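The block underneath contains the structure these notes are about, expressed in structure tokens.
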Amino acid sequence: KLFGEFLSWDLQDALSHLPLKSGQSVSIPVNISAKLDFSGQENLLHDLND
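Set out below in structure tokens:
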């Protein structure tokens, strides 16, 4: 299970490079943050063993 917002990015740096000239590119780093819930782990392991 994933909870909440797990993708974030900062467009300020990318916007400072606009407008782009021909042949230029801009990269936007995307941060991925995941909080995993292992509360059902025992049931999952039991299912995998069947």
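When you line the sequence shown up against my numbering, it's residues 29 to 78, in that order. Just so it is clear, CB atoms sit at the ideal spot from N, CA and C, and this is done for glycine as well. Nothing here was measured: the structure is a model prediction, and the numbers come from that model.
At the C-beta level, Ile56 and Phe34 stay beyond 8 Å of one another. Scanning its chain for C-beta atoms nearer than 8 Å, with the 5 sequence neighbours on each side dropped, one finds around Trp37 the residues Ile56, Pro57, Val58, Asn59, in chain order. Our two residues, Leu43 and Leu64, have alpha carbons roughly 33 Å apart in a direct line.
Boundaries of the beta strand (DSSP E) around Leu35: 35-37.
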